Amino acid sequence: MKNLDTKTSINWLKYASPKTFYPLAGKLIPWCVIGAVGLIVYGLYIGLFVAPTDFQQGEGYRIIFVHVPAAWFSMFLYLLMAMYAGLGLVLNARLSYMMATAIAPTGAMFTLVALVTGSLWGKPMWGAWWVWDARLTSELILLFLYIGYFSLQAAIDDKNRADKASAVLALVGAINVPIIYFSVKWWNTLHQGASVSLMKAPAMATVMLKGMLVMAIGFWLYSIAVILIRVRCEILERDSKAAMFNLGL
Amino acid sequence: MQWHSVNEFLAMGGYAFYVWGSFGITFGCMAFELWLLKKRSQRIAQAVKQEAF
Amino acid sequence: MKARHKRFGLIAVGLILLVIATVLITKSFKSNLVFFFTPTQVEKGEAPKSGSFRIGGLVENGSLKRLPDGLHVQFKVTDTAKTMLVEYKGILPDLFKEGKGVVAEGKLNAIGVFEADQVLAKHDENYMPPEAAAALKAAKDAKAKEDTK
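Protein chains in written order, with my numbering: chain P, 119 to 367; chain U, 19 to 71; chain G, 2 to 150.
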């Protein structure tokens, strides 16, 4: 009944049906891949060849070009995942749940990258691989939330129930994202404050900032490409019989 | 251009292990994610084919 | 009222309750999530009396020296209001510098010297080439000179 309701009454959500979304995603993927490769190569060129040495950290600061974009997307993708999960709960839309499911592994990967590159940065600069300050601890909790999200999905056999339960977890965990972001402001942390924020002028030389932003957009296109590929897998896996007929495979 | 020689570039001012380690792990993880996805797509394609015939 | 609207309402209410709960929890945790204490906080007795804790601040200019035994280093940590004397044996991190941020873990001894087991450098969020930093410093010094005139 519910499915029928959403399909007939909401034609403004035309692309919310897996059937129309599948080919659309397929068209978008190559462009995202090309853009991602181009921007990441350009970002690497700026970060490794054009950007000057830092006055405090010497060449060691160049870790910033992968660490910061990865950390941004670890948080941003979580919010996106929680948003799709919430949308899934509200509209009972299957594609929304599939999007949330498809985002989680990439978000978890970026969280892991942010933690490991941060550790590799902390050792030479701070003098420790790891400290339990609020920033590092809350980022580690983010990784556990991602892992919790997909283990919960794997633990429940009934797909519909798994989607709903994990969506609730994703929404509850979303509160951790502002905690990560503002932790350096709210508490005394070893991690320094934000170099780039909407509130103030960036505390970075322009070339360094440019390299970081180019890299970040590259990571964004990479994320879109990977998520779209995964959501297509998800669509096929969830109902490959239906998919066969609809997509003429 | 910041570098005078290839060796200077590779040494990263003495931070070679940390800088190259970070870049290696980042792009290694991304490549691994793509590889996993490729395997998954191939598996699905196989399954869909079997269902079709 | 459609089922969809009902679900939306329930979720919205749930989220609002969650935000309130988190704000309350983080408020009460605020004092426990402190990574380090400033010398002023230590003076006021906010740091633990016994056992180890961390202090943080800036390394006072001109305070770093090696003790006669050749192993220990001594420096002062300041938050510009209060200052603490720290002794440490071990390798200092690359970014440890006078006038820069530091976090030290250890405990206070009987004569009020902080004996550190670990010293971490805390750097700021500024990134710029050395020439720009030098120019900035020159401009600052010039301004300071102007002000004292």
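All residues carry an ideal CB built from backbone N, CA and C; glycine is no exception.
Keep in mind that this is a model prediction, so the values were computed, not measured.
Residue i versus residue j - alpha carbon distance
i	j	result
I21/G	V159/P	44 angstroms
L287/P	M227/P	19 angstroms
M30/U	L166/P	9 angstroms
Q60/U	V66/U	10 angstroms
S301/P	I62/U	43 angstroms
T224/P	V344/P	8 angstroms
L258/P	W248/P	11 angstroms
V24/U	D275/P	55 angstroms
Y264/P	Y196/P	8 angstroms
L93/G	G245/P	7 angstroms
V14/G	R8/G	10 angstroms
A135/G	G42/U	33 angstroms
E132/G	A139/G	10 angstroms
G130/G	S237/P	The amino acid occupying residue 130/G in the given sequence is Pro; Gly does not appear at that position. Going by the C-alpha atoms only, they are around 24 angstroms apart.
G107/G	V290/P	37 angstroms
S192/P	L72/G	43 angstroms
A105/G	L96/G	14 angstroms
L207/P	A292/P	15 angstroms
F27/U	L327/P	21 angstroms
T255/P	I164/P	31 angstroms
F54/G	F37/G	7 angstroms
D172/P	Y179/P	7 angstroms
L270/P	N210/P	19 angstroms
A203/P	E355/P	19 angstroms
W53/U	G46/U	10 angstroms
Q310/P	V60/G	16 angstroms
Y340/P	I347/P	11 angstroms
K146/G	L137/G	14 angstroms
Exposed unless 16 or more other CB atoms sit within 10 angstroms - verdict on residue i
i	result
K303/P	exposed
Y36/U	buried
A169/P	buried
M217/P	buried
K144/G	exposed
K145/P	exposed
E47/G	exposed
G102/G	buried
M48/U	buried
Nearest candidate by alpha-carbon position, reference residue i, set the options
i	options	result
I147/P	I342/P, L354/P, W239/P	I342/P
A334/P	A188/P, N210/P, L263/P	A188/P
G336/P	G178/P, A220/P, V325/P, W149/P	W149/P
T307/P	R253/P, S313/P, A143/P	R253/P
Q75/G	R55/G, A105/G, E88/G	E88/G
E116/G	E147/G, S51/G, K98/G	S51/G
H6/G	V151/P, E177/P, G156/P, L205/P	L205/P
M199/P	I347/P, Y215/P, W239/P	Y215/P
A283/P	F268/P, P242/P, S315/P, T229/P	F268/P
V295/P	T138/P, A143/P, F262/P	F262/P
G329/P	P141/P, W305/P, H185/P	H185/P
I298/P	V332/P, A321/P, F194/P	F194/P
Where residue i falls: helix, strand or coil (DSSP)
i	result
R61/U	helix
L11/G	helix
D172/P	strand
A48/G	coil
V120/G	strand
G165/P	helix
F27/U	helix
G158/G	Not covered by the structure: residue 158/G. The range shown for chain G is 2 to 150.
F38/G	strand
Y33/U	coil
K137/P	helix
K138/G	helix
Completely contained beta strand (DSSP E) runs for the stretch 52-104 of chain G, where each covers 3 or more residues:
Counting only unbroken stretches of 3 or more residues, the beta strand (DSSP E) elements lying wholly within the stretch 52-104 of chain G are 54-60, 73-79, 84-90, in sequence order.
Along the chain, which unbroken stretches of the alpha helix (DSSP H) at least 4 residues long are found entirely within the stretch 296-367 of chain P?
Within the stretch 296-367 of chain P, the complete alpha helix (DSSP H) runs of at least 4 residues are 324-356, 358-365.
Which runs of the alpha helix (DSSP H), 4 residues or longer, sit entirely within the stretch 236-281 of chain P?
Listed in chain order, the complete alpha helix (DSSP H) runs (minimum 4 residues) inside the stretch 236-281 of chain P are 252-273.
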